[in-house]
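Single-structure report; data block below.
Number of protein chains: 4
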Amino acid sequence: MNTFGRNLRLTTFGESHGKAMGGILDGMPGGVKIDMEVILRETARRRPGQSHLVTARNEKDIPELLSGLTDDMVTLGTPIGFIVRNTDHRSGDYGEMAKLYRPNHADFTYDMRYGLHEARGGGRASARETLNWVIGGAIARQLPCMKDITLQAEVISIGGITGTTEELASVVEEAMKRGDSVGGVVECVITGVPAGIGNPVFGKLHSRLAQAMMSINAAKGFEYGDGFAAASAYGTEQADIFISEEGHIQTKTNHSGGIQGGISNGMPITFKVAFKPTPTLLRDIETVDKEGNSSILKGKGRHDPCVALRAVPVVEAMAALVIADEMLETGKLNS
Amino acid sequence: MNTFGRNLRLTTFGESHGKAMGGILDGMPGGVKIDMEVILRETARRRPGQSHLVTARNEKDIPELLSGLTDDMVTLGTPIGFIVRNTDHRSGDYGEMAKLYRPNHADFTYDMRYGLHEARGGGRASARETLNWVIGGAIARQLPCMKDITLQAEVISIGGITGTTEELASVVEEAMKRGDSVGGVVECVITGVPAGIGNPVFGKLHSRLAQAMMSINAAKGFEYGDGFAAASAYGTEQADIFISEEGHIQTKTNHSGGIQGGISNGMPITFKVAFKPTPTLLRDIETVDKEGNSSILKGKGRHDPCVALRAVPVVEAMAALVIADEMLETGKLNS
Amino acid sequence: MNTFGRNLRLTTFGESHGKAMGGILDGMPGGVKIDMEVILRETARRRPGQSHLVTARNEKDIPELLSGLTDDMVTLGTPIGFIVRNTDHRSGDYGEMAKLYRPNHADFTYDMRYGLHEARGGGRASARETLNWVIGGAIARQLPCMKDITLQAEVISIGGITGTTEELASVVEEAMKRGDSVGGVVECVITGVPAGIGNPVFGKLHSRLAQAMMSINAAKGFEYGDGFAAASAYGTEQADIFISEEGHIQTKTNHSGGIQGGISNGMPITFKVAFKPTPTLLRDIETVDKEGNSSILKGKGRHDPCVALRAVPVVEAMAALVIADEMLETGKLNS
Amino acid sequence: MNTFGRNLRLTTFGESHGKAMGGILDGMPGGVKIDMEVILRETARRRPGQSHLVTARNEKDIPELLSGLTDDMVTLGTPIGFIVRNTDHRSGDYGEMAKLYRPNHADFTYDMRYGLHEARGGGRASARETLNWVIGGAIARQLPCMKDITLQAEVISIGGITGTTEELASVVEEAMKRGDSVGGVVECVITGVPAGIGNPVFGKLHSRLAQAMMSINAAKGFEYGDGFAAASAYGTEQADIFISEEGHIQTKTNHSGGIQGGISNGMPITFKVAFKPTPTLLRDIETVDKEGNSSILKGKGRHDPCVALRAVPVVEAMAALVIADEMLETGKLNS
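Sequence lines, in order, name chains A, B, C and D.
Take 194 as the starting number for the first sequence in this note's numbering and just add one per residue.
Take 194 as the starting number for the second sequence in this note's numbering and just add one per residue.
Take 194 as the starting number for the third sequence in this note's numbering and just add one per residue.
Take 194 as the starting number for the fourth sequence in this note's numbering and just add one per residue.
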């Protein structure tokens, strides 16, 4: 449950308000030079407190790499262990929540699952866990087989509005003013993946991407290529006609989103992830306590009004882990 | 790649135009009475040739169960091996296709992946593989822990049209007349799943459902609860308020689709799967051959104009495998 | 529990007195020509009824390969499904046993584990299951990466006696005359494995061989290289001194048995497996029934007086599966 | 490769001369009170520098538990991350070794496997890795399902000599004086395991114990019950006759070592592990360097003359991980 991947496996630990987050990235081949700046850049991108649009927690999030590397940061082929200390936790904020079930949070379901309440800010259900994923993804991106591959995610709509960054920001600001939150869609485009990556049957590339993306907190939907729009279309409209240019076979259009039969066809891989509004609101909201008594949950604490914004580097990190895993997999069969 | 599940594992084999399909379902506890009629009913639901709307192949699809059961069909706790002979295969239909890349099919990507062409009707990429899944799902549904659980899938829109069965059928008929195909959306509702099923982090219930559904041929998108609509909504609109009725905590609304934080909350689990139009058309279509030469692919052969129709029992089967797997998983931890 | 291997995975099914044995070998790369004669030769080697020293069951054991191969027996890279029908089962022989616990058999432990008794000749505990392994191993041996590798097992002692084949046979005959059974040791030597195969930590080559060998029915011990004798020795006696001959580094001696630190060093891999005497005796023996009442188990039925004899091709098959798996694994990292 | 277990999974990292060792123990149910003293006691047992018979490295080996626990040390059901800083490493001692292949060490095979030399004291091949296992085992032992189970390992022979602790110690002292090392056998007895633990086919309890024990550095052989002696015996001598005492079925003798058909029968589980002499000697020894040139490896550095002595708590830890894993597994099926 806490391990992701097959050839490149990320196993993680850490409760958001515990001592530390951390993980083990196993399967990295030896001899790969790792640039710490890339890791810091990616963790900085997902860090709270960067602008007025995201939560005000101020955490440095400096990972310490404990193994798997020489002193000059070359991989040894052994597992890379890493930790990030949790420095800025104020568990007092969560006192009341420990007694009341927050709507759309995992409080109630965790109680049903485990029979005990983990009061440290939601424990493993917290989005802080995605810090581990961003670190793993930032290392995976540095594999030699990834060097011609670009992964680029961005928020393409918020609250149903598409537009410029300014327009999207104003939707979030409006929601914040009302103590409300708002959903959004993140699109990711991956270029440079060679044709022939992925697997049939239960290992389809888009199936693994779906699993990865739906692991991200607040994700409600995944589609690749034309996605749900393809369900409204006719076959004649969706045909990606093959053409050959200078001996290189490609398709005229890319309704398929770069994947056919679960395997990459060399075109850009495109997918979208839908994120619901943050369930935490800065308004009072009715709920029940553990005994089922009606109660009012006071709106307070810190939260992101639009989690889609902070999900962008997480989408890229999970995509990097999936693509790197498949690149290593295929390497095996080709040799 | 050919194994699905953790506690209940389905491993499958078979090329659509080879000798047989088959699989091994491992993890079924002993002492479970299996009704062969349930298996035959489910395989009949997905069988081609049932109406004028689906492909005309007439295959009996009678599975033979080879192990794991007493003579009176009670499980032994040992793996259940099963096979289905392929009787009605006419590989001649596929002669031309072996040389040309069919648009949106897996021909090209399989060549890129494996460096050889499997001419037997697409091999493992064929939808015939889903017969194995339906058999596995039909057995999984009969677990005692599944007896209060209902899984019901149906096509809710075709070609962008929602409506009655007759209206949807006429959209398909229109497409057939033109030699075209059309996409559709399947919705699945699962009731009776107790609160507390699923896992955090990488084992979220909706993440596993997404992986399962995106494994189905022609699937392009997955969403649960309000899905992509939630990305256009505000937090205040999406809050599923907890209420307590006669000591039973539930939510007033079900925007969450029965899953919060990756774990079931006792409400109906709802999700939708988008299916693209069948890529096989009964029209001539331009393409290239393996050397990259332009060519025309003649429209012929057999195909389903709307794969969403035949996907319905497959969606249920894969959902049954996921839910049964999670029910067995949780049983472990509660004991 | 019914799957073995990581890159090359064998999943099996079948009760000894059920309809069929069978399995799925997943992970074979495409383009490998499979010789059915090799499979038949190996299954013939383990078949009962070949001489007066082994059990008299006369089973043809002709496997049917159902998938994963072209008509001219070239692998497709898809899983190879196979079955062997059980033709010569006389379940009447086992009537009494269904009520009494046979000493050193799995009857009692299976009851404790599963709470029901599988009367079909021991079900999955039967040595007939190893037929599946031999088929899997016979396919694995035909991988191109295995062509310079020889795997050769033989019985080196029976009842504590080492000697010629005739001497060992007479020990077995003596035991048979008395209605007794006798243990034996099988040694296996694998040549041609290149240096660098295997993994550190939990994936050590000898650890995987130990797991594989201890899966064989009646196996009681495993040792590689000097094994238990090394525990009685001094470091100066055990040092395998490195020498270089024509640029090729090897060791003067091979106390290590071809494996150092869990990874092959290019020397012959040598290991031994201890097999206990068959627990089935042709003598009356005291025991209890399921209610704990004292009873006498009549000596009858069919059995092998020395299972070590029939284990020889099984030892080779499991060794072939392990080595092939590791060869495929390493191929991945080198590319 | 760096993960052990199925229901209770230990994933580890750390090179012996790197920054830290560590791991993640995943699968611990919630609500279990963990006693830090038990962990410290077990790590102290395996620590170097405790007596004149073991290596003189003085490491405190205080693990820091970073997650998965409340402040008062109750498990949360989430993964337990832990690290141990490496404080006393003197990598200078290993300078020469980086150029020469040490006999019976993993230097040569690692070079062949990975194509690069990890000079930090052998990296993952070092016995320091077993510190992670001892920590994992010390936590696993504290599961409620383990409370009636005792695991007791001890050295039963050294250099072929059995006898009192004093006699064994003098064998080691003699070897030390000569700059030599010596092998030994560790026996482990596990009591209190209920009948019905383990699995058939590839998941046999003794097969998993074999895999676990053969993962320990310097292990050369594994046997359970009568082991290799059973291969010299007759069936009539090995029969463990069932008797019923006060409604409790057990066996008169325990040649089976508490396991029949891969599943526990309620009798004590007994097994032995053979350890070779430490390959590091305090004598000069001939070898080759990486280019194959003959050279002399100077005897120096620190080493344990008899690794069997320090393996005792490691054997117990690995046994605890296997038994706990199987106890959790069976819990699943019983519910």
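Each residue gets a CB set at the ideal place from its N, CA and C atoms; glycine is no exception.
Since we're looking at a predicted model, the values are computed, not measured.
- Note down the Cα distance separating L344(B) from G396(C), rounded to an integer number of angstroms. Along the second sequence, read from residue 1 onward, the residue named residue 344(B) stands at position 151. Along the third sequence, read from residue 1 onward, the residue named residue 396(C) stands at position 203. Taking the straight line joining both Cα atoms gives about 41 Å.
- Item | Three-state secondary structure (DSSP) of Q404(A) | Taking the first residue of the first sequence as 1, we reach residue 404(A) at position 211. Note: Q404(A) maps to helix in three-state DSSP.
- Query: At what residue ranges does the region 456-526 of chain C contain a whole run of the beta strand (DSSP E), taking only runs of 3 or more?
  - Reply: 462-468, 478-481 and 487-490
- Just mark M406(A) as buried or exposed, buried being the case when its beta carbon has 16 or more other beta carbons within 10 Å. Here residue 406(A) is taken as the residue at index 213 of the first sequence, counted from 1. Its Cβ being crowded by 16 or more others within 10 Å, M406(A) is buried.
- Task: Output, in sequence order along the chain, the residues in the region 370-389 of chain A whose CB is closer than 7 Å to any CB in chain B.
- Result: D373, S374, V375, G376, G377, V378, A388 and G389
- Message: For the region 199-212 of chain C, list every residue whose C-beta sits within 9 Å of some C-beta in chain B, in sequence order.
- Response: R202, T204, T205, F206, G207, E208, G211 and K212
- Message: Mapping the DSSP letters down to three states, classify F206(B) as helix, strand or coil.
- Response: Sequence index remark: in the second sequence, residue 206(B) carries index 13 (1-based). DSSP places F206(B) in strand when its eight states are reduced to three.
- Task: Please compile the residues from chain D whose C-beta is within a distance smaller than 8 Å of the C-beta of L514(C).
- Result: In the third sequence, counting from the first residue as 1, residue 514(C) sits at position 321. Per Cβ cutoff of 8 Å: no residues; L514(C) is ~10 Å from chain D at best.
- Could you give the residue range of the alpha helix (DSSP H) that holds A333(A)? Taking the first sequence and counting its residues from 1, one reaches residue 333(A) at position 140. Start and end: T323 to A333.
- Spell out a yes or no on whether the region 323-340 of chain B and the region 228-239 of chain B are touching, meaning 3 or more CB-CB pairs, one atom from each, closer than 8 Å. yes
- Item | Below-7 Å beta-carbon distance, R393(D) vs any chain C residue | On the fourth sequence, position 200 is the one that residue 393(D) refers to. Residue identity check: residue 393(D) is Pro in the sequence provided, not Arg. With 7 Å as the cut-off, P393(D) counts as an interface residue toward chain C.
- For D341(B), which residues of its own chain have a beta-carbon under 6 Å away from its beta-carbon, when the five flanking residues on both sides are left out? Reading the second sequence from its first residue, position 148 is the one you call residue 341(B). G385, listed in sequence order.
- Message: Measuring only the C-alpha atoms, how far is P499(B) from V364(A)?
- Response: Start at 1 with the first residue of the second sequence, and residue 499(B) comes out as number 306. Start at 1 with the first residue of the first sequence, and residue 364(A) comes out as number 171. Residue 499(B) is actually Cys in this sequence, not Pro. Approximately 39 Å between the Cα atoms of the pair.
- Given 8 Å as the limit, is there contact between the region 270-279 of chain B and the region 212-223 of chain B, that is, 3 or more CB pairs closer than that? yes
- Query: Cα separation between F415(C) and E416(D)?
  - Reply: Here the question's residue 415(C) lines up with position 222 in the third sequence. Here the question's residue 416(D) lines up with position 223 in the fourth sequence. So the alpha carbons of these two residues sit roughly 6 Å apart.
- Message: What does the alpha-carbon distance come out to for the pair I409(C) and T473(B)?
- Response: If you number the third sequence from 1, residue 409(C) lands on position 216. If you number the second sequence from 1, residue 473(B) lands on position 280. Looking at the two C-alpha atoms, the distance is approximately 49 Å.
- Query: What are the boundary residues of the alpha helix (DSSP H) that A412(D) is part of?
  - Reply: Sequence index remark: in the fourth sequence, residue 412(D) carries index 219 (1-based). Run containing A412(D): none in the alpha helix (DSSP H); it sits in the beta strand (DSSP E), A412 to Y417.
- Message: Cβ closer than 8 Å: which chain C residues qualify as neighbours of E257(D)?
- Response: Indexing the fourth sequence from 1 puts residue 257(D) at position 64. Per Cβ cutoff of 8 Å: no residues; E257(D) is ~22 Å from chain C at best.
- Task: Confirm, please, whether the CB-CB distance from H448(C) to G420(C) is below 7 Å.
- Result: Within the third sequence, numbered from 1, the residue matching residue 420(C) stands at position 227. Within the third sequence, numbered from 1, the residue matching residue 448(C) stands at position 255. Against a cut-off of 7 Å, the Cβ pair of H448(C) and G420(C) comes out as no contact.
- Query: Is there a Cβ from chain D that is less than 7 Å from the Cβ of N195(A)?
  - Reply: Translated into positions along the first sequence, residue 195(A) becomes position 2. True, the Cβ-Cβ gap to chain D drops below 7 Å.
- Task: Please report the residue range of the beta strand (DSSP E) in which V231(D) lies.
- Result: As a working note, residue 231(D) is residue 38 in the fourth sequence. That residue, V231(D), is in no beta strand (DSSP E); its alpha helix (DSSP H) goes M229 to R239.
- Reference G316(A); option with closest CA among A512(D), G223(D), A362(D) and V231(D): Stepping through the first sequence from its first residue, residue 316(A) is reached at position 123. Among A512(D), G223(D), A362(D) and V231(D), the Cα nearest to that of G316(A) is on G223(D).
- Item | Buried/exposed call for M229(C), threshold 16 Cβ in 10 Å | The residue given as residue 229(C) occupies position 36 in the third sequence. When all chains shown are included, M229(C) counts as exposed.
- Message: Would V382(C) and T444(C) qualify as a contact pair, given that the criterion is a beta-carbon distance under 7 Å?
- Response: Counting from 1 along the third sequence, the entry for residue 382(C) is found at position 189. Counting from 1 along the third sequence, the entry for residue 444(C) is found at position 251. Not a contact, by the Cβ cut-off of 7 Å.
- Message: Quick check on T358(C): does DSSP put it in helix, strand or coil?
- Response: Sequence index remark: in the third sequence, residue 358(C) carries index 165 (1-based). Correct three-state label for T358(C): helix.
- CA nearest to the CA of I227(D), picked from F206(D), D300(D), P337(D) and V327(D): As a first step, residue 227(D) must be located in the fourth sequence, where it is residue number 34. Selected option, being the one with the closest Cα: P337(D).
- Item | Contact set between A403(A) and chain B, taken where Cβ atoms lie within less than 7 Å | Your numbering for residue 403(A) matches position 210 in the first sequence. The answer, in chain order, is A403, Q404, M407 and F415.
- Is the region 344-359 of chain D in contact with the region 473-493 of chain C, if contact means three or more CB pairs nearer than 8 Å? no
- Message: Output needed in chain order: residues of the region 422-437 of chain A with a Cβ under 7 Å from some Cβ in chain B.
- Response: A423, A424, S425, A426, Y427, G428, T429, Q431, A432, D433, I434, F435, I436 and S437
- With DSSP collapsed to three states, give me the class of D219(D). Position 26 of the fourth sequence, counted from the start, is the residue given in the question as residue 219(D). Residue state, collapsed to three classes: strand.
- Message: Within 7 Å of any Cβ in chain C, is that where the Cβ of I349(D) sits?
- Response: Within the fourth sequence, residue 349(D) is the residue found at index 156, counting from 1. Judged by the 7 Å Cβ criterion, I349(D) is not in contact with chain C.
- Pull up the DSSP beta-bridge partners for M266(C), would you. By 1-based counting over the third sequence, the position of residue 266(C) is 73. Looking at the DSSP assignment, M266(C) forms no beta bridge with any residue, so it has no partner.
- Specify, as a first and last residue, the run of the beta strand (DSSP E) that R278(B) falls within. Translated into positions along the second sequence, residue 278(B) becomes position 85. Residues I273 to R278.
- Task: Report the rounded CA-to-CA distance for K212(A) versus N279(A), giving the unit in angstroms.
- Result: As a first step, residue 212(A) is located in the first sequence; it is residue number 19 there, counting from the start. As a first step, residue 279(A) is located in the first sequence; it is residue number 86 there, counting from the start. Cα to Cα, the separation comes out at about 6 Å.
- Message: Just to check my reading of the structure: P470(B) and G376(B) have Cβ atoms closer than 8 Å, yes? What is that Cβ distance to the nearest angstrom?
- Response: Residue numbering aside, residue 470(B) sits at position 277 when the second sequence is read from its first letter. Residue numbering aside, residue 376(B) sits at position 183 when the second sequence is read from its first letter. About 5 Å; that satisfies the 8 Å criterion.
- Item | Neighbour list for R317(D) in chain A, Cβ cutoff strictly below 7 Å | Counting from one through the fourth sequence, the residue named residue 317(D) turns up at place 124. Result: T271.
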